[in-house]
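> Chains A and B, in that order, are what the protein sequence lines are.
Our numbering applies: residue 211 is where the first sequence begins, and numbers increase by one.
Our numbering applies: residue -9 is where the second sequence begins, and numbers increase by one.
Backbone N, C-alpha and C fix where the C-beta goes; we use that ideal spot for every residue, glycine too.
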Amino acid sequence: MTVTLTMNKKNKKFADAPVFTDKKDYRPTGVTEVGLTFVGHEISEDRTAMNQFLHYDQLYTIRHGWNSKFFIGLLEGKIMGTRCPKCGDTWVPVRTHCWNLNCNLEHTDWVEMPLTATVHTWTVAGWSGRSSLKRLPIILVYALVGDSKVAIANELHNLAPWDVEFGMPLQIVFKPQEERVGAITDFHFEPADGWTPSPMTPEKERIKQLVEPVYDWVKTLK
Amino acid sequence: MSRKVCIIGGATTPFDYGPTGFESIEGGAAECVRETQQDVPGFSLRDLDLMIYSHFSVHFGHQLAPEWIIHDHLGLVGLPHYRVENGGNTGGSALYAAALAVMSGHHDCVGVIGWETMDSVSQSQGSEFIAMASDIRYELMVGGIYPIYYAAMANKWMKDNHVTEEDVARIAVKNKNNAMDNPKAQWYRNDHTYLTVDDVMNSRLISYPIKKYDCCLMSRGVAFVVVCSEEYAKKVNPDHYVTIDGMGLSSCTIRAGDRLNNPTWKEHYGPGYPEMTEFGACRNAAEQAYTMAGIKDPLKDIDFGEIHDAFSTSEAQIYKALGLADTDTIAKFIRDERTSMHGDIPMNPGGGLLGYGHPVGATGIMSTIEAYYQLAGLIPKKHLSTTTEVPDAECGIVNSHAGTGTSISNFILRRH
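In structure tokens form, the structure reads like this:
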């Protein structure tokens, strides 16, 4: 108890608390945390087995901390990267300390990146996590933004799934400002202006054949 | 010189999605121990001096520190215990920890129990839970789940290595059909059918080039293995123990896109490796294990493997990372069926993740147990026939793999 009192008296500040003023709440209506709740059960006919239904939801605070500039940049329609002042390596997704062991975790500088990228590799998804099912089929690309040393994953829109190609030039397109939430989904890739897909190939035909049932399946989702 | 590490026995529950007969994790764990005691009557719970628990996601288990429930249930109060978690490589990492404990001389008899209960949520929610091991700030919400990340890596890998959809479909067919000889395998217990390459090619798109039958199974299951000193092995199971002669554990980036141009890999293996396509951590962990076990040529020195085929494509990528083939030879290596039961290095005779199942925390332990059975001559007892027995197997490799290749372990097991 004595220790606690001493600490309170000193009121030592280890870091300045940020003052949050620009607040947005876009939670769907009717969603509230109820904590852990049993919401039902079932028992087998012979009464030897029981399943119980436990509901749990939780609002998490993701404290972006030193990475915040990237996510605030998204709200402003910018892609922010970081660059090591020692070795010059540049990253999107960002690193606040250099990855090169010779640079000894050098603090990196923030740089605004161009809104252009190149496809490094790609896939066409016909299945995904629960929150993404209705957006299927999804073209997911790993792309290099500007002179980034690493590739970032995001969706490629405005293109038939079978027309995505290795090395194709991309532009980064942001959602309208009022729809942005400061998350990676605030932007997507689109083919660069003037780029046109190559003619159909057997592989493109194959992808088309695989993807067509996905469109029908998504229509059946509630 | 550190002490020799041995395995004297182990067992899994049946793997399933839904009822296994051992729905409680502690009940399943107890049954695995009981089966091990039937195989090794000299082994007693009283002999254990450390328990290591192998469990990936408390999201699936809706219970923090669930290992405490199992440990307590087994009557092991007072015995030291802790849990290891390392994504899909949780099982391999727990085995690594157990081997280190014995090697150090501090422990003689270590039990490892792995489990996962992935059927406590829907399949699509389960995919999303697993994807929470990807970087959720950057990847989870852009439609990303692991099959999609793996597909993006495999798509380029297959083109760079001239490997086709049909080639990798052969791997899916091999493992799921191997599982039809294994009564504990989920494919045997649920789908229960023999597949053809056409079946795989015609199955629904998951993420190009991966289709449904190229994917492993979401599972419920528990596994138990005993890792011990040679003195203990000689005492309780002198005729049927195996040795862990080599082991390696390595790591790579969490986001697959971040391994491009990585300076540390460049230092190890030169520019352009592992790209976004190769499993650098697998190669690195294999090199460690091979050096330790004195493996000069893995193709000649290793008789079979139980490896982490979360996807048919990743099994192909692993062949290369293990040094079984290179860019010029990998397509032919697959087409020549070198890894089928009639090949010179059968892979996943137990069915692998594609056939046996993938209850994450139990998976690496399951692979270890299957390798143990092969080397201890127990396949005729544990499988339905000898068609999935590797005749006269002396040396096997166990591979456990996490993330997008983010953590990987390899173990060289030899018949005593």
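For the pair the stretch 4 to 23 of chain B and the stretch 345 to 353 of chain B, tell me if three or more CB-CB distances fall below 8 Å.
Yes: at least three Cβ pairs fall under 8 Å.
> Which one of B:387, B:368, B:268 and B:146 has the shortest CA to CA distance from residue 378 (chain B)?
Along the second sequence, read from residue 1 onward, the residue named residue 378 (chain B) stands at position 388. Here the closest residue by C-alpha is B:368.
> Could you name the residues of chain A that residue 52 (chain B) contacts, counting a contact when the two beta carbons are closer than 9 Å?
In the second sequence, the residue the question calls residue 52 (chain B) occupies position 62. Within chain A, the residues near residue 52 (chain B) are 246, 264 and 266.
> Rounded to a whole number of angstroms, what is the C-alpha to C-alpha distance between residue 95 (chain B) and residue -7 (chain B)?
Locating residue 95 (chain B) in the second sequence gives position 105, where the first residue counts as 1. Locating residue -7 (chain B) in the second sequence gives position 3, where the first residue counts as 1. Straight-line Cα distance between these residues: approximately 7 Å.
> Residue 343 (chain A) touches chain B at which residues, Cβ-Cβ below 9 Å?
Here the question's residue 343 (chain A) lines up with position 133 in the first sequence. Simply 114.
> I believe residue 163 (chain B) touches residue 19 (chain B) by the beta-carbon criterion, under 8 Å. Please report the beta-carbon distance rounded to the nearest angstrom.
Position 173 of the second sequence, counted from the start, is the residue given in the question as residue 163 (chain B). Position 29 of the second sequence, counted from the start, is the residue given in the question as residue 19 (chain B). In fact, because the Cβ distance is near 33 Å, the residues do not count as touching under 8 Å.
> Using 8 Å as the limit for Cβ to Cβ distance, is residue 436 (chain A) near chain B?
Residue 436 (chain A) lies beyond the stretch modelled for chain A, which goes from 211 to 432, so this question has no answer here.
> Could you check whether residue 0 (chain B) and residue 362 (chain B) sit closer than 8 Å to each other, using their CB atoms as the reference points?
Taking the second sequence and counting its residues from 1, the one referred to as residue 362 (chain B) is at position 372. Taking the second sequence and counting its residues from 1, the one referred to as residue 0 (chain B) is at position 10. Yes.
> Counting Cβ pairs closer than 8 Å, one from the stretch 249 to 268 of chain A and one from the stretch 282 to 299 of chain A, do we hit at least three?
Touching, no, given that fewer than three Cβ pairs across the two stretches are closer than 8 Å.
> CA-CA distance, residue 233 (chain B) and residue 331 (chain A)?
In the second sequence, counting from the first residue as 1, residue 233 (chain B) sits at position 243. In the first sequence, counting from the first residue as 1, residue 331 (chain A) sits at position 121. Looking at the two C-alpha atoms, the distance is approximately 41 Å.
> Alpha carbon to alpha carbon, what distance is there between residue 214 (chain B) and residue 22 (chain B)?
Here residue 22 (chain B) refers to the residue found at position 32 of the second sequence. Here residue 214 (chain B) refers to the residue found at position 224 of the second sequence. Cα to Cα, the separation comes out at about 6 Å.
> With a cut-off of 8 Å on the beta carbons, I'd call residue 379 (chain A) and residue 361 (chain A) a contact; round off their distance for me.
Within the first sequence, the letter at position 169 stands for residue 379 (chain A). Within the first sequence, the letter at position 151 stands for residue 361 (chain A). That pair is no contact at about 14 Å.
> Quick one, are the C-beta atoms of residue 279 (chain B) and residue 401 (chain B) less than 8 Å apart?
Working through the second sequence from its first residue, we reach residue 279 (chain B) at position 289. Working through the second sequence from its first residue, we reach residue 401 (chain B) at position 411. Yes. Within cutoff.
> Since I believe residue 335 (chain B) is in contact with residue 328 (chain B) (beta carbons under 8 Å), could you give me their beta-carbon distance rounded to a whole number of angstroms?
One-based indexing of the second sequence puts residue 328 (chain B) at position 338. One-based indexing of the second sequence puts residue 335 (chain B) at position 345. Rounded, the Cβ-Cβ distance is 6 Å, consistent with contact.
> For residue 294 (chain A), which of helix, strand or coil comes out of DSSP?
Position 84 of the first sequence holds residue 294 (chain A). Looking at residue 294 (chain A) - three-state DSSP - the assignment turns out to be coil, as it is neither helix nor strand.
> On the DSSP bridge list, what partners appear for residue 61 (chain B)?
As a first step, residue 61 (chain B) must be located in the second sequence, where it is residue number 71. Answer is none; residue 61 (chain B) lacks a bridge partner.
> If you run the structure through DSSP and keep just helix, strand and coil, what is residue 142 (chain B)?
Working through the second sequence from its first residue, we reach residue 142 (chain B) at position 152. Reduced to three states, the DSSP call for residue 142 (chain B) is helix.
> Expressed to the nearest angstrom, what Euclidean distance is found between the alpha-carbon atoms of residue -9 (chain B) and residue 85 (chain B)?
Residue mapping note: residue -9 (chain B) aligns to position 1 of the second sequence, counting from 1. Residue mapping note: residue 85 (chain B) aligns to position 95 of the second sequence, counting from 1. With a pLDDT of only 48 at residue -9 (chain B), under 50, the local geometry of the prediction cannot be trusted, and the value read off the model is given with reservation. Going from the Cα of residue -9 (chain B) to the Cα of residue 85 (chain B) covers about 20 Å.
> Kindly list the residues whose CB is nearer than 8 Å to the CB of residue 33 (chain B), restricted to its own chain and excluding five residues on each side of it in sequence; keep chain order.
In the second sequence, the residue the question calls residue 33 (chain B) occupies position 43. Excluding sequence neighbours, residue 33 (chain B) sits near -2, -1, 26, 27, 216, 226 and 227.
> Please give me, in chain order, every unbroken run of the alpha helix (DSSP H) with length at least 4 that falls completely inside the stretch 54 to 126 of chain B.
For the stretch 54 to 126 of chain B, whole alpha helix (DSSP H) runs of length 4 or above, ordered along the chain, are 57 to 63, 80 to 93 and 113 to 121.
> Helix, strand or coil, according to DSSP, for residue 268 (chain A) in the structure here?
One-based indexing of the first sequence puts residue 268 (chain A) at position 58. Residue state, collapsed to three classes: coil.
> Within 8 Å (strictly less), CB to CB, does residue 236 (chain A) reach chain B?
What you label residue 236 (chain A) is simply residue 26 of the first sequence in a count that begins at 1. Not one chain B Cβ lies under 8 Å of residue 236 (chain A).
> Does any residue of chain B bring its CB to less than 8 Å from the CB of residue 282 (chain A)?
Stepping through the first sequence from its first residue, residue 282 (chain A) is reached at position 72. Not one chain B Cβ lies under 8 Å of residue 282 (chain A).
> Ignore the nearest five residues each way along the sequence and tell me which others in residue 211 (chain A)'s own chain have a CB closer than 7 Å to its CB.
In the first sequence, counting from the first residue as 1, residue 211 (chain A) sits at position 1. At residue 211 (chain A), the pLDDT of 44 sits below 50, so the modelled position is not reliable and the matter cannot be decided from this model.
> For the ligand MG, I want to know if residue 396 (chain B) counts as a neighbour, meaning its beta carbon is within less than 7 Å of at least one of the ligand's heavy atoms.
Among the components modelled here there is no ligand, and therefore nothing to report on the ligand MG.
> For residue 305 (chain B) and residue 297 (chain B), which I take to be in contact (beta-carbon distance under 8 Å), what is that distance rounded to the nearest angstrom?
Sequence index remark: in the second sequence, residue 305 (chain B) carries index 315 (1-based). Sequence index remark: in the second sequence, residue 297 (chain B) carries index 307 (1-based). Correct: roughly 6 Å between the Cβ atoms.
> Tell me the residue span of the beta strand (DSSP E) that contains residue 248 (chain A).
As a position in the first sequence, residue 248 (chain A) is number 38, starting the count at 1. From DSSP, the beta strand (DSSP E) with residue 248 (chain A) extends over 247 to 253.
> What's the call for residue 299 (chain A), buried or exposed, on a 16-neighbour Cβ count within 10 Å?
Residue mapping note: residue 299 (chain A) aligns to position 89 of the first sequence, counting from 1. It counts as buried.
> Report yes if the CB atom of residue 338 (chain B) is closer than 8 Å to the CB atom of residue 172 (chain B), and no otherwise.
Along the second sequence, read from residue 1 onward, the residue named residue 338 (chain B) stands at position 348. Along the second sequence, read from residue 1 onward, the residue named residue 172 (chain B) stands at position 182. It is not a contact, given that the beta carbons lie outside the stated cut-off.
> Counting only beta-carbon separations shorter than 8 Å, does residue 315 (chain A) have a partner in chain B?
What you label residue 315 (chain A) is simply residue 105 of the first sequence in a count that begins at 1. No, because no Cβ of chain B sits closer than 8 Å to the Cβ of residue 315 (chain A).
> Using a Cβ cut-off of 8 Å, pull out every chain A residue sitting near residue 8 (chain B), in sequence order please.
Indexing the second sequence from 1 puts residue 8 (chain B) at position 18. By Cβ distance, chain A contributes nothing, its closest Cβ being about 10 Å from residue 8 (chain B), past 8 Å.
> Compute the Euclidean distance between the alpha carbons of residue 385 (chain A) and residue 391 (chain B), then round it to the nearest angstrom.
Looking up residue 385 (chain A) in the first sequence gives position 175. Looking up residue 391 (chain B) in the second sequence gives position 401. Roughly 37 Å separates the two Cα atoms.
> Kindly indicate which residue of A:394, A:369, A:413 and A:432 has the alpha-carbon position closest to the one of residue 405 (chain A).
One-based indexing of the first sequence puts residue 405 (chain A) at position 195. Selected option, being the one with the closest Cα: A:369.
> Which class does residue 314 (chain A) belong to by DSSP, given the choice of helix, strand or coil?
Within the first sequence, residue 314 (chain A) is the residue found at index 104, counting from 1. Three-state DSSP puts residue 314 (chain A) in coil, outside helix and strand.
> How about the stretch 71 to 81 of chain B and the stretch 405 to 421 of chain A: do they share at least three Cβ pairs that are nearer than 8 Å?
Cβ pair count under 8 Å is below three, so no.
> For residue 1 (chain B), name the three-state secondary structure that DSSP assigns.
Residue numbering aside, residue 1 (chain B) sits at position 11 when the second sequence is read from its first letter. DSSP places residue 1 (chain B) in strand when its eight states are reduced to three.
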